[in-house]
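Q: There's a structure below that I have some questions on.
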Amino acid sequence: MAKPRGYCAGVDRAVQTVEKALEQYGAPVYVRKQIVHNTHVVKTLEERGAIFVEETEQVPEGAIVVFSAHGVSPAVHQEAARRSLKTIDATCPLVTKVHNEAKRFASQDYDILLIGHEGHEEVEGTAGEAPDHIQLVDGLQAVDTVQVKDPERLVWLSQTTLSVDETTETVSRLKARFPNLIDPPSDDICYATQNRQVAVKEIAAQAELVIVVGSENSSNSKRLVEVARDHGADAAYLVDDASLIKDEWLDGVTTVGVTSGASVPEELVAGVLARLARHGFEDVEEVESVHESVRFALPHELRKDLRVTAV
Numbered sequence: 002m003a004k005p006r007g008y009c010a011g012v013d014r015a016v017q018t019v020e021k022a023l024e025q026y027g028a029p030v031y032v033r034k035q036i037v038h039n040t041h042v043v044k045t046l047e048e049r050g051a052i053f054v055e056e057t058e059q060v061p062e063g064a065i066v067v068f069s070a071h072g073v074s075p076a077v078h079q080e081a082a083r084r085s086l087k088t089i090d091a092t093c094p095l096v097t098k099v100h101n102e103a104k105r106f107a108s109q110d111y112d113i114l115l116i117g118h119e120g121h122e123e124v125e126g127t128a129g130e131a132p133d134h135i136q137l138v139d140g141l142q143a144v145d146t147v148q149v150k151d152p153e154r155l156v157w158l159s160q161t162t163l164s165v166d167e168t169t170e171t172v173s174r175l176k177a178r179f180p181n182l183i184d185p186p187s188d189d190i191c192y193a194t195q196n197r198q199v200a201v202k203e204i205a206a207q208a209e210l211v212i213v214v215g216s217e218n219s220s221n222s223k224r225l226v227e228v229a230r231d232h233g234a235d236a237a238y239l240v241d242d243a244s245l246i247k248d249e250w251l252d253g254v255t256t257v258g259v260t261s262g263a264s265v266p267e268e269l270v271a272g273v274l275a276r277l278a279r280h281g282f283e284d285v286e287e288v289e290s291v292h293e294s295v296r297f298a299l300p301h302e303l304r305k306d307l308r309v310t311a312v
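Under my numbering, the first residue of the sequence shown is numbered 2, with each subsequent residue one higher.
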């Protein structure tokens, strides 16, 4: 069992935001996009009265809407204001940091190379902060097609949930083309993504099979599967829950590694352990590679209303 695994501080904050909003204001509370990329979390919140929508225009005028942990562009904030929505911004503070970097470099007329996956909500939100200055670099193959105005005023930023190794390789190739490419002032890939990748590298070297608990649309979970395969595991699979584990995966296997993405509740990991125990894998060893103690406060809009109620 890899440790750390599961909820990071940003996910914990985002899920709590929706839960507290439902308690504070009552149902329904609208959420733009999935609050975090996990189908079980979304289903649980829906059962409590959260309504998930794709776009802000689907929220009734004057209603409450929560923005997901992945962040939104200024255009989304403007649309919410136009519709007189009460907004609660659950954007992860580490994503907000990248947004602020994008705005700052754009204001200084830098070209910004944003390393990330096309179509991911976080990338769309960050790119929306400075669309005239940001160019997406989606993987190594995209490096050769990058065109910039001034290679002397060029900086790279990244999506927070990428593979550390793959991003490092992409940056190296970019710097081979643009030697004066500037690094961001601090690492954009979030501490939790990095820590979970370090942990899975350690267990992958000791396991024939690695099971990663996480949803298919979770970028950081998919990266854990890739990292496990690249660092010693004969096989690695992504499963939403224990019901998706296939018996044939376990045939001939003596050691299984288990971890979970940053948006996965621990109860789903417990279900996987129970499933493995029924197949004879009863001895569980937790391998802690990094200790985590990061916590984020709830969004200020929600904290203010909670304080008023408490009084």
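Built from N, CA and C at the ideal position, the CB exists for glycine as well.
Ordered along the chain, which non-local residues of its own chain (more than five positions away) have a Cβ less than 6 Å from that of Pro-10?
A: It is worth fixing the name first, because residue 10 is Ala in this sequence and not Pro. Excluding sequence neighbours, Ala-10 sits near Val-295, Arg-296 and Phe-297.
Q: Compare the beta carbon distance of Phe-106 and Ile-116 with 9 Å and say whether it is the shorter of the two.
A: No, the pair does not count as a contact, with Cβ atoms beyond the cut-off.
Q: Cα separation between Asp-166 and Glu-227?
A: Their backbone Cα atoms lie some 11 Å apart in a straight line.
Q: Between the alpha carbons of Leu-155 and Leu-182, how many angstroms are there, rounded?
A: Whole-angstrom Cα-Cα distance: 5 Å.
Q: Run through DSSP, which three-state label would Tyr-31 get?
A: Note: Tyr-31 maps to strand in three-state DSSP.
Q: If we call anything under 9 Å between Cβ atoms a contact, is His-38 one with His-71?
A: A contact, by the Cβ cut-off of 9 Å.
Q: Are there 16 or more other CB atoms within 10 angstroms of the CB of Pro-266, so buried, or fewer, so exposed?
A: Pro-266 should be labelled buried.
Q: In three-state DSSP terms, what is Val-214?
A: Val-214: strand per DSSP, three-state reduction.
Q: So what's Tyr-26 in DSSP terms, helix, strand or just coil?
A: Note: Tyr-26 maps to helix in three-state DSSP.
Q: Given a cut-off of 9 Å on the beta-carbon distance, is the pair Leu-225 and Ala-243 in contact?
A: No, Cβ-Cβ distance for Leu-225 and Ala-243 is not below 9 Å.
Q: By how many angstroms is the C-alpha of Asp-284 removed from the C-alpha of Thr-255?
A: Looking at the two C-alpha atoms, the distance is approximately 11 Å.
Q: Using DSSP bridges, identify the partner residues of Ala-243.
A: Per DSSP, none; premise fails for Ala-243.
Q: Do Phe-179 and Val-149 have their C-beta atoms closer together than 9 Å?
A: Yes. Within cutoff.
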